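Inspection log for the structure reproduced underneath, given as structure tokens.
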Amino acid sequence: MGSVGPEQGYYSILRWRADVTRDEARNVAVLLVDDDGTSGGIKAAPISRISPKLQEQGLLDSMLAGLELRFDGVKKPDLRTLEQLHASMRNSLYLTEPRPTAVFDVDQTLSALFRAYVQPRSGAPNTLTKGAILDNTIKLLRRRGLEVHRGHRLGEFFFDVVVDSEEPIVPRVIEVLSFAAGKKEPVPSEHDAGHFLYALDRLDLNGLAIIEPPGSQASDSVVESFHRVNHWLTTANVESFSPADLKEGRIEALNAD
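Note that the sequence shown ends on residue 256 in numbering that gives the first Met the number 0; no numbers are left out.
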């Protein structure tokens with residue numbers, strides 16, 4: 000496929016259904032290939048917009064990360080690969096039958112297909128929610144060369160982020176919390192923080208927290224909860240940072256590159 004004239008491409012939609020017995024599914028990503036695997040790509044919706052459940056997010060993230068890795072190589076998936084995936088994926092995640100499409104430019108075609116079939120239509124995402132911050136945290140960590148798992152179990156506990164590293168300076172686990180996004184009820188964030196600290200102690204792990212602080216219009220109860228959680232973390236010798244710290248590379252232990 001090239002950018003000069005229309006060439007033959009094929010696309011499939013990756014779909015997710017939490018309950019395979021019910022005919023309810025959400026479009027997760029679009030995959031675009033050609034006949035021989037010379038070019039193509041994948042474009043996915045933010046995982047937090049697909050499922051609110053951490054365990055399901057972990058499954059989705061693992062599958063998408065594997066597919067994206069295959070498209071990163073010089074030899075990409077081709078039509079035959081897409082047909083094989085369509086035939087073999089029949090459970091919670093499945094791929095629609097490949098359909099032909101004219102391709103003038105790979106990126107433009109992929110973006111057009113994404114807007115038509117995958118892009119969430121429930122309004123603009125709230126970038127201050129825990130899910131959206133977790134989406135961005137995973138993306139930034141992978142850009143820095145770290146191998147990370149989302150919604151991953153270690154022992155008896157699920158963690159937002161688990162980092163694969165043999166370096167002792169790198170935290171094995173990361174908790175993401177948000178006290179912004181207009182929240183009036185901070186108790187779920189306190190529960191998440193308490194579970195995280197308990198799990199760290201039980202498994203003898205080192206970790207850190209990424210916390211979005213309350214906005215200027217936050218209620219007193221939210222502000223108090225934010226300070227309470229920060230006190231818990233400080234008492235347990237667990238460092239906390241803001242999403243801005245991560246974005247700007249101010250967390251030295253996570254700057255793998």
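Yeah, the Cβ is synthetic: ideal placement off N, Cα and C, and Gly gets one too.
None of these values were measured; they are calculated from a predicted model.
Exercise. Per the contact definition of three or more C-beta pairs closer than 8 Å, is the stretch 223-236 in contact with the stretch 190-204?
Worked result: yes
For this session: Kindly identify the DSSP beta-bridge partner or partners of A28.
Result: L13 and A43
Exercise. Would you report the Cα separation of R79 and E96, rounded to the nearest angstrom?
Worked result: 11 Å
Problem set entry | Rounded C-alpha distance that separates G144 from D104 | 29 Å
Exercise. Alpha carbon to alpha carbon, what distance is there between G36 and L68?
Worked result: 14 Å
For this session: Label S87 either buried or exposed according to how many other C-beta atoms from any shown protein chain fall within 10 Å of its C-beta, with 16 as the threshold for buried.
Result: exposed
Exercise. Is A43 closer than 8 Å to A28 when the C-beta atoms are compared?
Worked result: yes
For this session: Can you tell me the Cβ-Cβ gap for L253 and L176, rounded? I've got them flagged as a contact below 8 Å.
Result: With 8 Å as the limit, L253 and L176 do not qualify as a contact, their Cβ atoms being about 17 Å apart.
For this session: With DSSP as the reference, label V228 as helix, strand or coil.
Result: helix
For this session: Identify, in the order they occur along the chain, each residue of the same chain with its Cβ nearer than 6 Å to the Cβ of L30, setting aside the five sequence neighbours on each side.
Result: S11 and I41
Problem set entry | Beta-carbon proximity of A179 to P212, cut-off 8 Å | yes
For this session: Leaving aside the five residues before and after K75 along the sequence, list all residues of the same chain whose C-beta is less than 6 Å from its C-beta, in chain order.
Result: G36 and G39
Exercise. Taking the C-alpha atoms as reference points, what is the distance between V159 and L133?
Worked result: Sequence inspection shows Asp at residue 159; the Val mentioned does not correspond to that position. Using only the alpha carbons, I get a separation of about 8 Å.
Problem set entry | Extent of the continuous alpha helix (DSSP H) run through L253 | Taken as a continuous stretch (DSSP letters only), L253 belongs to no alpha helix (DSSP H), as it is neither H nor E.
Exercise. Under a three-way DSSP split, which group does S2 fall into?
Worked result: For S2, the pLDDT reaches just 47, beneath the cut-off of 50, and the residue's location in the model is therefore unreliable, although a value from the coordinates is still provided. Note: S2 maps to coil in three-state DSSP.
Exercise. To the nearest angstrom, how far is it from the Cα of E165 to the Cα of T108?
Worked result: 41 Å
For this session: Would you decide whether S215 is buried or exposed? Buried here means 16 or more other CB atoms lie within 10 Å of its CB.
Result: exposed
Exercise. How many angstroms separate the CA atom of T197 from the CA atom of S239?
Worked result: One detail in the question is off: residue 197 reads as Tyr in this sequence, not Thr. About 16 Å.
Exercise. Should V237 and G206 be called a contact, given that it needs their Cβ atoms to be closer than 8 Å?
Worked result: yes
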